[in-house]
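For reference, each letter of the sequence shown is one residue, going 1 to 803 in the numbering used here.
A virtual CB, placed ideally from N, CA and C, is assigned to each residue, including glycine.
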Amino acid sequence: MTRNCVSGLRLMLFVAIMVMPMFPSFASQRVYALKAVKGVLDLRSAKFSETPISINGEWIFYWKLLKKTSGQGIYHEYENFPDLWSTILWKGKPISSQGFATYEIKILLPKDRDQLALKIPDMYSAYALYINGKLIARNGTPGTTRESTTPYWSTQVKPFLATDTLNLKLFISNFHHSKGGISKPIQIGLFNELQDSSNLDHAFDFLLTGCMLMGGLYFLGLYLLGRHDKSTLYFSLFCFFYSYRIVGAGDYSLHTIFPYIGWQLAIHLEYISLFMAVAMFALYTRYLYPKDTPAKIIFCMIGVCFAFALITVLSPPILFSQLMNPFVGLLTPYIFFAIYIYWVAYRNKRIGAKYALLSTIAIFVIFITLILAYYDIAYPHELLLFAGYLGFFFCQSLILSFRFAFTLKKAKVDAEVGLKVKSEFLSTMSHEIRTPLNAVIGMTHLMMKEDPRPDQKSHLDVLLFSAKNLLNIVNDILDFNTIEEGKMLFMSTPINISDVAQKIISVHKASAQELKIDIFAELDPALPKVILGDTTRIAQILGNLVQNAIKFTKSGWVKLKIDVVSKTEKDVILKISVEDTGIGIPLEKQRIIFERFTQIDSSASRVFGGTGLGLSISKRMLALQGSELMLESEEGKGSTFYFVQTFPIPDEPELTQPVPKDQPEEKPLQDLFVLIVEDNLMNVLVIKSFLKRWGAISEVAVNGQEALEKLDATRHQIVLMDLHMPVLDGYEATKQLRERGETLPIVAVTASLAQDTREKMFDIGISDIISKPIDPEKLLSVIIEQTKIKKTDGKDSHPSNNY
Numbered sequence: 001m002t003r004n005c006v007s008g009l010r011l012m013l014f015v016a017i018m019v020m021p022m023f024p025s026f027a028s029q030r031v032y033a034l035k036a037v038k039g040v041l042d043l044r045s046a047k048f049s050e051t052p053i054s055i056n057g058e059w060i061f062y063w064k065l066l067k068k069t070s071g072q073g074i075y076h077e078y079e080n081f082p083d084l085w086s087t088i089l090w091k092g093k094p095i096s097s098q099g100f101a102t103y104e105i106k107i108l109l110p111k112d113r114d115q116l117a118l119k120i121p122d123m124y125s126a127y128a129l130y131i132n133g134k135l136i137a138r139n140g141t142p143g144t145t146r147e148s149t150t151p152y153w154s155t156q157v158k159p160f161l162a163t164d165t166l167n168l169k170l171f172i173s174n175f176h177h178s179k180g181g182i183s184k185p186i187q188i189g190l191f192n193e194l195q196d197s198s199n200l201d202h203a204f205d206f207l208l209t210g211c212m213l214m215g216g217l218y219f220l221g222l223y224l225l226g227r228h229d230k231s232t233l234y235f236s237l238f239c240f241f242y243s244y245r246i247v248g249a250g251d252y253s254l255h256t257i258f259p260y261i262g263w264q265l266a267i268h269l270e271y272i273s274l275f276m277a278v279a280m281f282a283l284y285t286r287y288l289y290p291k292d293t294p295a296k297i298i299f300c301m302i303g304v305c306f307a308f309a310l311i312t313v314l315s316p317p318i319l320f321s322q323l324m325n326p327f328v329g330l331l332t333p334y335i336f337f338a339i340y341i342y343w344v345a346y347r348n349k350r351i352g353a354k355y356a357l358l359s360t361i362a363i364f365v366i367f368i369t370l371i372l373a374y375y376d377i378a379y380p381h382e383l384l385l386f387a388g389y390l391g392f393f394f395c396q397s398l399i400l401s402f403r404f405a406f407t408l409k410k411a412k413v414d415a416e417v418g419l420k421v422k423s424e425f426l427s428t429m430s431h432e433i434r435t436p437l438n439a440v441i442g443m444t445h446l447m448m449k450e451d452p453r454p455d456q457k458s459h460l461d462v463l464l465f466s467a468k469n470l471l472n473i474v475n476d477i478l479d480f481n482t483i484e485e486g487k488m489l490f491m492s493t494p495i496n497i498s499d500v501a502q503k504i505i506s507v508h509k510a511s512a513q514e515l516k517i518d519i520f521a522e523l524d525p526a527l528p529k530v531i532l533g534d535t536t537r538i539a540q541i542l543g544n545l546v547q548n549a550i551k552f553t554k555s556g557w558v559k560l561k562i563d564v565v566s567k568t569e570k571d572v573i574l575k576i577s578v579e580d581t582g583i584g585i586p587l588e589k590q591r592i593i594f595e596r597f598t599q600i601d602s603s604a605s606r607v608f609g610g611t612g613l614g615l616s617i618s619k620r621m622l623a624l625q626g627s628e629l630m631l632e633s634e635e636g637k638g639s640t641f642y643f644v645q646t647f648p649i650p651d652e653p654e655l656t657q658p659v660p661k662d663q664p665e666e667k668p669l670q671d672l673f674v675l676i677v678e679d680n681l682m683n684v685l686v687i688k689s690f691l692k693r694w695g696a697i698s699e700v701a702v703n704g705q706e707a708l709e710k711l712d713a714t715r716h717q718i719v720l721m722d723l724h725m726p727v728l729d730g731y732e733a734t735k736q737l738r739e740r741g742e743t744l745p746i747v748a749v750t751a752s753l754a755q756d757t758r759e760k761m762f763d764i765g766i767s768d769i770i771s772k773p774i775d776p777e778k779l780l781s782v783i784i785e786q787t788k789i790k791k792t793d794g795k796d797s798h799p800s801n802n803y
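Here you go:
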């Protein structure tokens, strides 16, 4: 509690230090001893080099008269200048804010003086200013009727040819605004100083407007291209609306660039921009901290703003300009309410609430100073006002930047969680699908070894084909997931590319013959004997392309072609293509054919089968290797899929020749004692059947804990370890076996093929991996390899560990 109070006091002190310089001072409305008395202002002793002088005091005043001549005997009164007509009494009675009047004053100047000028503010709502009978400035056209009066607002600096005595005559007319007269002083001073001050004020206005507009565009872009956060949208709209207020009110800097903007349009935009800016800021607050913002109160304020904006659109200025007083009365408590909302958000530790509180206090001070200036009570220094606006905008930008960064971070975390869940789901589903497939394929292999009748063999062939087809679909999905996660790795080993191509043709020759189409390879004689690459991935890509070509070819041929594009001593560039005389692909479908789960049309999946992943996987694998899968096709004539890839040529191109296998023994694993760690009874039956056929002796543990208890290194020579089991899984069981000093080979029998999973297996001491469904030849090969090495030199067969 104490810590929160100290933190709050510290924040309030910091805010006070930040905003105190922004408070307007009554001294900032310059107070001078020199004032006009009975229509005469004596400035003969004034020092214009120090500061401009306001022409305040008693001016001669004529009501309902535009006195163009200096005729004597016309009734007049002396009125304080500047003042709105609503505060003036004429012949003892209040006058209307609509009408016209003449002001006169005589100014006595020093003999020695530099070039002087007048800084003339806007007036309600048209004026003409004469010096010694010569017109030097005007805003609009002052007249005696509404029709003859043209209102206009701007702040002007006008130099004049000065004499020792200046006779100023000012005509003011108002028939269009709820206020009449003049509320700001006319200043006289050195032309250079007044002009520089005016230019600096305009520069501040334009710079701040540019910042607001750029900020608005930036946050609008974040909204459109991001997650469509409404708080970001409403703050961008606030920036757009309020940017007009900066140049379209006050000194009316916009009119220096566009002097022909109509007064009616300008004043409508001035009021609408104020009402809508407050409404947008209220909506921004509501969506920035929805849990801390009372919805009814904030929407009530928003409703008032929209209502005032609608009235402004539909009514003339003389009516809607009267809305300012009640709006200011509502705005002040609203700002206090906004500060309270941000204070609550700060206490609740919302994102960026500290900066929201600072910025709201800053904008509160800015609005208060503008309100004081509007009522001619005090005027803020332009530089401090500019700094206040920048501080507000900077803090608000920090809030939305933090919010945007937090949203991105949260989206990243959510995406990572989603990827992890997807990966775990696919791993689990892979295990669950591969486990029964293992039993189906394994038992099919066993039955085919028992000399089935021809009719039985044909049935077993269909069963084995279907099971392997399902396995290929599972593998495609897992491969695609591996590519999406960025975990696809490529090996670099010597390859006889000609041999790979011929094997691909041999593998698919039977399926091509069933469709009565020819399949062959056309190899460039200049092909190097050996290149470096990933045999498995190249074979997978070529297999996908050839299989795809066979599937969509009803008659004719399929050709696997490899050409040498260029060759050096160190590398060779090959163009590998698969051509067919199949159905072809329409031009409009050629772009989407490489997308995942996509085929030529929706009926293709029913006519030709498949998941639509083969081409997508092949294209992405090639892209990861710096190549691109291309397509040339004409509907009804066939297709050619091809890619160009660079392969290194090894310094020693000799391939390790495979050791000729001995004639298969009747019992290759005679008397080998194997511990099977597997919880699935069907998998146990398959593995035991294989081992028994090969002459091995087996013992079963149904989980990792039982394996720890049953393993006897004096009897068991190898462990076949499933990884997903109840009680204690294969990972932990292997880890504990290695920790207690067991060095016999442990072969993982798993359905998990992800690269990070494989690395994890080797890290804990797995000697080799057999994937499910089990290929009996692969299983036999691994067992022989592991046990032979163990019997001869006692070293581990896998270079990645010390077991």
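Between residue i and residue j, is the Cβ-Cβ spacing less than 8 Å?
i: His-76; j: Phe-61; result: yes
i: Phe-643; j: Leu-629; result: yes
i: Gly-442; j: Val-686; result: yes
i: Val-558; j: Asp-580; result: yes
i: Thr-553; j: Ile-517; result: yes
i: Ile-576; j: Ile-562; result: yes
i: Asp-119; j: Val-157; result: Contrary to the premise, residue 119 reads as Lys rather than Asp in this sequence. In this structure, Val-157 lies closer than 8 Å to Lys-119 by Cβ.
i: Ala-521; j: Ile-505; result: yes
i: Tyr-389; j: Leu-194; result: no
i: Ala-162; j: Leu-109; result: yes
i: Val-572; j: Pro-528; result: yes
At which residues does the beta strand (DSSP E) containing residue i begin and terminate?
i: Thr-750; result: 746-750
i: Asn-139; result: 134-139
i: Gln-625; result: That residue, Gln-625, is in no beta strand (DSSP E); it is neither H nor E in DSSP.
i: Trp-63; result: 57-63
i: Gln-98; result: Per DSSP, Gln-98 belongs to no beta strand (DSSP E) and is neither H nor E.
Kindly indicate the opening and closing residues of the alpha helix (DSSP H) around residue i.
i: Asp-580; result: Here Asp-580 belongs to no alpha helix (DSSP H); instead the beta strand (DSSP E) covers 571-580.
i: Ile-297; result: 295-314
i: Ile-351; result: Counting along the chain, Ile-351 falls outside any alpha helix (DSSP H), and DSSP gives it neither H nor E.
i: Leu-560; result: No alpha helix (DSSP H) holds Leu-560; the beta strand (DSSP E) holding it covers 557-567.
i: Asp-768; result: That residue, Asp-768, is in no alpha helix (DSSP H); its beta strand (DSSP E) goes 768-771.
i: Gly-189; result: Here Gly-189 belongs to no alpha helix (DSSP H); instead the beta strand (DSSP E) covers 187-190.
i: Val-684; result: 681-693
i: Asp-712; result: Premise fails: Asp-712 is in no alpha helix (DSSP H) and is neither H nor E.
In or out: residue i buried (at least 16 other Cβ within 10 Å) or exposed?
i: Arg-30; result: Low local confidence applies: a pLDDT of 44 at Arg-30 is under 50, so the model's placement there is unreliable, with the coordinate-based value given in what follows. Looking at its Cβ environment, which holds fewer than 16 other Cβ atoms inside 10 Å, Arg-30 is exposed.
i: Lys-457; result: exposed
i: Lys-791; result: A caution first: Lys-791 carries a pLDDT of 40, below 50, which makes its placement in the model too unreliable to give a value.
i: Thr-787; result: buried
i: Arg-537; result: buried
i: Arg-606; result: Caution is warranted here: a pLDDT of 39 is assigned to Arg-606, below 50, making its placement in the model unreliable, and the coordinate value is therefore given only provisionally. Exposed is the call here.
i: Lys-772; result: buried
i: Thr-369; result: buried
i: Ala-696; result: buried
i: Glu-450; result: exposed
i: Leu-9; result: Confidence at Leu-9 is low in this model, with a pLDDT of 33, below 50, so its placement is unreliable and no value can be given for it.
i: Pro-648; result: exposed
Could you tell me which of the options sits nearest to residue i, measuring between CA atoms?
i: Arg-146; options: Lys-38, Phe-175, Ile-718; result: Phe-175
i: Thr-646; options: Ala-713, Ser-627, Arg-738; result: Ser-627
i: Asn-56; options: Ser-173, Leu-65, Ile-88, Gln-187; result: Gln-187
i: Leu-135; options: Ser-639, Ala-539, Pro-121, Phe-160; result: Phe-160
i: Pro-804; options: Thr-155, Phe-238, Leu-314; result: The first residue shown for the chain is 1 and the last is 803, placing residue 804 beyond what the model contains.
i: Phe-337; options: Arg-350, Arg-286, Phe-81, Phe-306; result: Arg-286
i: Phe-206; options: Ile-246, Phe-240, Ser-198; result: Ile-246
i: Glu-635; options: Glu-588, Leu-672, Cys-211; result: Glu-588
Within 8 Å of any Cβ in chain D, is that where the Cβ of residue i sits?
i: Ile-55; result: Reference to chain D is not applicable here, since this structure consists of a single protein chain.
- Taking three-plus beta-carbon pairs below 8 Å as touching, is the stretch 733-742 in contact with the stretch 700-715? In short, these stretches touch, since the Cβ pair count reaches three.
- Given 8 Å, three or more beta-carbon pairs between the stretch 161-174 and the stretch 125-136: Yes: the two stretches touch, three or more of their Cβ pairs being nearer than 8 Å.
- Query: Are at least three pairs of beta-carbons, each pair with one atom in the stretch 258-277 and one in the stretch 200-219, less than 8 Å apart?
  - Reply: No, the stretch 258-277 is not in contact with the stretch 200-219.
- Query: Three or more C-beta pairs closer than 8 Å, one from the stretch 305-314 and one from the stretch 271-282: is that the case here?
  - Reply: With the cut-off at 8 Å, the stretch 305-314 and the stretch 271-282 touch.
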